[in-house]
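Q: Dumping the structure here so I can ask a few things about it.
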Amino acid sequence: MLNRILALIVKEFLALLKDPKSRSVLIGPPLIQLIVFGYAATYELKDIPYAIYNEDRGAVSRTLEAVFTGSPTFHRVATISAEKEIAPLIDSRQVLLVIHIGQRFSERLISGESTQVQAPLQVIIDGRNSNTAMVALNYVRSIVDQFNRQWMQERGQTALPAYLESRAWFNPNLESRWFFVPGIIGMLALIITILVTAMTVAREREQGTFDQLLVTPLRPGEIMLGKALPGFLIGMVQGTVILLIVTLWFRVPLLGSLPALYCGLALFLLSGVGIGLLISSLAVTQQQGLLGAFLFVVPAITLSGFATPIANMPPLVQAITRIDPLRYFMVILRKVFLEGAGFDILIDQFWPMALIGAGALALSSWLFRHRMY
Amino acid sequence: MITRNHSRHLAAMRLKSLVRKEFLQIVRDPSSIAIAFLMPLFLLLLFGYGVSLDADHIPVAFVAEQPSGDTRDFEASLLGSHYFAIAPAPSMPEAEQAMREGKVDAIVRLRANFSERLRRSDGAPIQIIVNGVDANTARLTLGYLEGAWGNWLARRAASNGKDLTTPVQMEQRIWFNSEMKSRNFLVPGLVAIIMTLIGALLTALVMAREWERGTLEALLVTPVSMTEVLLGKIVAYFVLGTGGMLLTVGLAVGLFDVPLRGSFWLLWTCASLFLLAALGMGLTISTLARNQFVAGQIAIVGTFLPAFLLSGFIFDIDSMPTAVQAITHLVVARYFVSIVQTLFLAGDVWAIVLPNALALVLMALFFLGVTWRKSRKRLE
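Following this line, the structure appears as structure tokens:
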């Protein structure tokens, strides 16, 4: 029996690897994606284009201007002198924000020491991408805060009664690359596993070779195992390669337990293979197989918390994410890489994936038998 | 004269029946219907509800090591904000444990001497620890906590009969999306993603299937020419894609309440250009791959994922490394995402629309040209 399954697996691998196009699809694109997306996926901003609209021209406003000029995150593209110049710059996205220093800014700042007169600084920002706008505003605010602190200190004014002392655990510099890059392992492993398994049976059905398989001494369970294992093995190999690139090239710290990570990967691939076979047993043509794979992969990635947090979704959608195996693997990846987690903390992520995998495999084997005889 | 008219008439008839054949094929294959009509609906609902960057009710552990009127006052200012869901924790180790288990995303700690130091000249520290794994949410959380802290200081000063004087007061005006709803920029971008799927993925699959099964060769032994076959496909899927576009734009405005400030007709025109480019991509992929598995992989990896990650749909292009920025210029969706975000939220800004529309025209011509040339050559 083992020999028969082994022969089938060898045949599956040959079918995948002998065609140079299929072969290159298995290796090249995932690597390119990892590198490109690893660099592209970031919410940090740099070289924020801005314009200064300074109506004051006093010494203090010059100092404030200099703070922005000296900041590496901001890049001044224009200096304007009239209100009506603001709109064209922002509309055409030449600048993300305009810093408007009003008339008598310096004067009011100097005279306002003990009174309640404050010097206003207006920031006009392009809100088309609200997240970018929010991040940029936070940067501006921290520059202004810094300026204020220094100003008060120089003038011996009493400090604020309370101040914030912030730090971040697990990712002290708040690099979003550390958040995204480990997640890409899960995303790519899912795509390849589902594609390989969802297409195998559909291809044989379409080409009529499935009937030939059925007249061999192989039993349905053995055929299924032979179809399932290649996807699983390819996912394992690809996952390992990407894991190496993530740690060696992107230098994301891997603090937690590697066995726990591999245990997670195995359970995750098991559920992936199960769902792939489910799609495969339902699909009659390759096109349907591909579509089914696609209809599963896209929501699975979107709802996994890969790019946007699950906590932000409406409660109903959050409930749906519970049947998404990638959701659990994302948590495992990030907790093992950044938080140094081991088996004890991750147990709540392991069993749902095992359950999803077992359920999908059981259902697909039932379907296999039903659609065969 | 008569014969020329006659042949032109024949050509029109051939094209008409080819288009008819494509439509029949689409209507009779449930999977094509799924991509063309159910998929846009499904994706729009999925992304519209599933993708959000607006953090709300962030779970925060609050530790007051020695509760007093001051700590309760500060806690009240956090409780009043819808950004936080405050979970009081009796001590630091418990709060840290909650953070490790992922039950809270931040800890706010007021030390035992908080009230005392509040009245000293150097001020009292408020310790904040955020879980930095999700850097963006961590940054938002810090920003919201800063806001709550500022409000608390101002209120406290006011109740003591003083005004809180900050030398420079920052005043922000957010254009186009004053409520800062991430849905307002994500949903317009979805129009681009969904049209990429219909245009590129569906055509890539359909055409690859014809190559694989040899039905394309069968068609070509009839009097129809390759150009006519391609034209028939383009017309059929163009109509489908336009339907998908109208559906998504309608839902964006009707269901998700995204304002459409620009001209609808301009949006339609640009969408048509984009659709042509996407169809061209799909046809190019299928002509080069001629195999459904490979065509499907390339369509997902080469069109869908770049449209998602490299188009400015979620991630800011200007902040990517220079090399990646150069690659984004090859992503057709990039130009359309810029157009739709502007047309929806800002209005008819010609400085954005014209250059991007021009890029779409060039891309469409390029991809359709490649398909035309390649499919001619590959038959011989």
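So the sequence lines, in the order shown, correspond to chains A and B.
First residue of the first sequence: 1, per the numbering used here; consecutive thereafter.
First residue of the second sequence: 1, per the numbering used here; consecutive thereafter.
Glycine is no exception: its CB is placed at the ideal position from the N, C-alpha and C atoms.
Owing to the predicted nature of the structure, the values given are computational and were not obtained by experimental measurement.
1) Note down, one range per segment and in chain order, each alpha helix (DSSP H) of at least 4 residues found wholly within the stretch 151 to 190 of chain B.
2) DSSP on Thr-216(A), reduced to helix/strand/coil?
3) When you compare the CB of Glu-146(B) with every CB in chain A, is at least one pair closer than 8 Å?
4) Can the beta-carbon of Tyr-53(A) be found less than 8 Å from the beta-carbon of Ile-80(A)?
5) Using a Cβ-Cβ distance cut-off of 8 Å, determine whether Ile-332(A) contacts chain B.
6) Just the C-alpha distance for Leu-361(A) and Gly-28(A), rounded to the nearest angstrom, thanks.
7) Less than 6 Å between C-beta atoms, sequence neighbours within five positions excluded: which residues of the same chain meet that for Ala-148(B)?
8) Exposed or buried, which one is Leu-255(A) when buried takes at least 16 other CB atoms within 10 Å?
9) Run through DSSP, which three-state label would Pro-90(B) get?
10) Pick helix, strand or coil for Tyr-50(A), following the three-state DSSP scheme.
11) Report yes or no: is there a C-beta of chain B within less than 8 Å of the C-beta of Gly-256(A)?
12) Under 8 Å: do the stretch 183 to 200 of chain B and the stretch 233 to 247 of chain B share three or more Cβ pairs, one atom per stretch?
13) Of the residues that make up the stretch 121 to 133 of chain A, which ones have a beta carbon closer than 9 Å to any beta carbon in chain B?
14) Run the CB neighbour count on Glu-380(B), radius 10 Å, all protein chains shown included, and call it buried at 16 or more, exposed below.
15) Tell me, please, which residues DSSP counts as bridged to Phe-381(B).
16) So that I know if they touch, is there some Cβ in chain A lying closer than 8 Å to that of Phe-47(B)?
17) Would you say the stretch 41 to 55 of chain B touches the stretch 301 to 313 of chain A, given that touching needs at least three Cβ pairs under 8 Å?
18) Are the CB atoms of Glu-171(B) and Gln-122(A) nearer to each other than 8 Å?
19) Alpha carbon to alpha carbon, what distance is there between Pro-125(B) and Ser-280(A)?
20) Using three-state DSSP, classify Arg-376(B) as helix, strand or coil.
21) When DSSP builds the beta bridges, which residues end up paired with His-75(A)?
22) Within 10 Å of its beta-carbon, does Trp-366(A) have 16 or more other beta-carbons around it, so buried, or fewer, so exposed?
23) Under 8 Å, Cβ to Cβ, is there at least one residue of chain A near Leu-18(B)?
24) Enumerate in chain order the residues of its own chain whose CB-to-CB distance from Pro-306(B) is below 6 Å, with the five nearest sequence positions on each side excluded.
25) Pull the bridge partners of Ser-166(A) from the DSSP assignment, please.
26) Can you pull out the residues from the stretch 149 to 163 of chain A whose beta carbon lies closer than 7 Å to at least one beta carbon of chain B?
27) Using the beta-carbon of each residue, which ones in chain A are nearer than 8 Å to Asp-56(B)?
28) Grab the span of the alpha helix (DSSP H) containing Val-301(B) for me, first residue to last.
29) Go ahead and pull the three-state DSSP assignment for Val-246(A).
30) Report yes if the C-beta distance between Thr-200(A) and Glu-12(A) is below 8 Å; otherwise report no.
31) When you compare the CB of Val-294(B) with every CB in chain A, is at least one pair closer than 8 Å?
32) Identify the contact partners of Met-199(A) in chain B, using a Cβ-Cβ distance below 9 Å as the criterion.
33) Taking the straight line between their C-alpha atoms, what separation do you get for Leu-276(B) and Gly-48(B)?
34) Check each candidate in Tyr-262(A), Arg-327(A) and Phe-232(A) and name the one with the smallest Cα separation from Ile-192(A).
35) When Cβ atoms are compared, which residues of the stretch 34 to 48 of chain A fall closer than 7 Å to chain B?
36) Does the stretch 309 to 323 of chain A come close enough to the stretch 210 to 230 of chain B that 3 or more CB-CB pairs lie under 8 Å?
A: Checking against the coordinates, here is how it stands:
1) none
2) coil
3) yes
4) yes
5) no
6) 30 Å
7) Ser-77, Leu-78 and Ser-81
8) exposed
9) coil
10) strand
11) no
12) yes
13) Leu-121, Gln-122, Val-123, Ile-124, Ile-125, Asp-126, Gly-127, Arg-128, Asn-129, Ser-130, Asn-131, Thr-132 and Ala-133
14) Here the model assigns Glu-380(B) a pLDDT of 47, short of 50, so the residue's position is not dependable and the matter cannot be decided.
15) Outside the displayed span of chain B (1 to 380) sits residue 381(B), for which this structure offers no information.
16) yes
17) yes
18) yes
19) 60 Å
20) helix
21) Pro-49(A)
22) exposed
23) no
24) Val-331
25) Ile-128(B)
26) Trp-151, Met-152, Thr-158, Ala-159, Leu-160, Pro-161, Ala-162 and Tyr-163
27) Asn-312
28) Neither: Val-301(B) is in no alpha helix (DSSP H) and is coded neither H nor E.
29) helix
30) yes
31) yes
32) Gln-292, Phe-293 and Gly-296
33) 25 Å
34) Phe-232(A)
35) Val-36, Phe-37, Tyr-39, Ala-40, Ala-41, Thr-42, Tyr-43, Glu-44, Leu-45, Lys-46 and Asp-47
36) no
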